[in-house]
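Inspection log for the structure reproduced underneath, given as structure tokens.
Number of protein chains: 2
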Amino acid sequence: MAVPSSSIPERTSPAASPLFLREEEVRRGVELLYFGYTRLTRAIDEGLAKQGLGRAHHRALYFIARQPDLSVSSLLRILGITKQSLGRVLNELADRGLVETSVGEIDRRQKLLRLTEAGALFEAQLFDSLRNSLASAYSAAGQDSVTGFWRVLEGLIPESERAMVLDLQGISK
Amino acid sequence: MAVPSSSIPERTSPAASPLFLREEEVRRGVELLYFGYTRLTRAIDEGLAKQGLGRAHHRALYFIARQPDLSVSSLLRILGITKQSLGRVLNELADRGLVETSVGEIDRRQKLLRLTEAGALFEAQLFDSLRNSLASAYSAAGQDSVTGFWRVLEGLIPESERAMVLDLQGISK
DNA sequence: AAGATACGTCAATATGGCTGTCCCATCTTC
DNA sequence: GAAGATGGGACAGCCATATTGACGTATCTT
């Protein structure tokens, strides 16, 4: 048994005490999440590299595609990075003609972000790669598994942020 | 509907054609994976920052804890990074007295890695944070969901690498 | 003895974050 | 209408983590 497990009572069954899991169940989740997540993004990295872009650019493209005309501050809230970091990314995307902005109608201080035609095409290409990966994983696992997959992941997101994520998905819960 | 979805026939039901998912199901998976994964690691980042370490160090500590006396090349294979990158990380961990090495008995060229007592203690602390997060997500979702969660994630890992991951977990499948 | 392998190291480079500071335009409030 | 809050942008410098390429040494295999 691995050294750091010494303090964990392995005899405790998860059914008896669901908040004190056996180490193997935790490690399995951690590892599958790590490898699953990195493999999902790996395919995309190649497409991005061809354009001299990185994962940060994809995240911006992705969420702009998801919610056209969202404001810079909304995107900042979603990504959880600083204004400066996002600023660089957005400038690079604008330089390449993938993203364009317009002045907010309600609040003229706001800049609303959306993809150009080229940007939408590029994002769609990257999205295809995500769809292919997820489609094969979903169909190999079956619909019930997919629901469980979603449920567990939702539980990993702190209460305070869960609403934001579900909002993105149009879940008004 | 988001711009890049234009090429996706939303009418196609996933049951009829599981390999051509509706966009919303893909986006939901992508987003939950992104937010779930980053939130899981966020808690750990704080503990690491106190010691002046980063996520890369944690990954090394984690897998060394998981398989004491594993070789440098095994760790390289698991992490999928370059020798140079790992070298720096291991040196920093050794400098802080968290990791120690021994010469391989079978093959004296190998260096076998394991945690010192301090290293094991530190890794156990970080692991606690992982266990807490996963425990609450698992128990909120229920055992069936957890199984589905695992199944989908396994499907995200390419065939060629799946054996390596399952090996870690003692699944000889 | 020759070649492959395990490991380490020097050097340069890229990416994507961060902090701190300062600025301007616009909206809100008093 | 002035004061302050807010949305957005920009400059400078720093840090962590990864990369490539080249080279060196000890050890194992053939």
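Sequences listed follow chains A and B, in order.
Per the working numbering: the first sequence = residues 336 to 508.
Per the working numbering: the second sequence = residues 336 to 508.
Even glycine gets a Cβ: it sits at the ideal position worked out from N, Cα and C.
All of these numbers come straight from a predicted model, not from anything done at the bench.
For B:Gln504, at least one C-beta of chain A is nearer than 7 Å to its own C-beta. The DSSP-derived three-state label of A:Glu440 is coil. Per the Cβ contact rule, the region 365-384 of chain B is in contact with the region 488-505 of chain A (3 or more Cβ pairs under 8 Å).
Taking the C-beta atoms as reference points, B:Ile492 is found nearer than 7 Å to A:Arg374. Interface with chain A (7 Å Cβ-Cβ cutoff): B:Gly432 is excluded. Note on the region 379-424 of chain B: there is no whole beta strand (DSSP E) run with a minimum of 3 residues. Here the alpha carbons of B:Glu359 and A:Leu469 stand approximately 12 Å from one another. B:Ile399 sits away from B:Leu461, with the two beta carbons spaced by 7 Å or more. When secondary structure is reduced to three states using DSSP, B:Arg357 falls in the coil class, being assigned neither helix nor strand. Listed along chain A, the residues sitting closer than 8 Å to B:Thr482 by beta-carbon distance are Ser480 and Gly483. Look at A:Leu450 here: in three-state DSSP terms it is strand.
Spanning the alpha carbons of A:Leu388 and A:Leu465 requires a straight line of approximately 17 Å. For the C-beta of B:Gly389, not a single chain A residue is nearer than 7 Å; the gap to the nearest is close to 15 Å. The Cβ of A:Leu405 sits no closer than 7 Å to any Cβ of chain B.
For B:Glu489, the neighbours in chain A by C-beta distance under 7 Å run, in chain order, Leu367. B:Val434 is bridged by DSSP to B:Leu450.
Using a Cβ distance threshold of 7 Å, A:Gly439 and A:Leu447 count as a contacting pair.
Contacts between B:Ala472 and chain A, judged by CB atoms closer than 9 Å, involve Gly364, Arg486, Val487, Leu488, Glu489, Gly490, Leu491 and Ile492 in chain order. Take the alpha-carbon of B:Leu428 and the one of B:Val434: they are about 6 Å apart. B:Tyr473 and B:Asn467 have their C-alpha atoms spaced approximately 10 Å apart.
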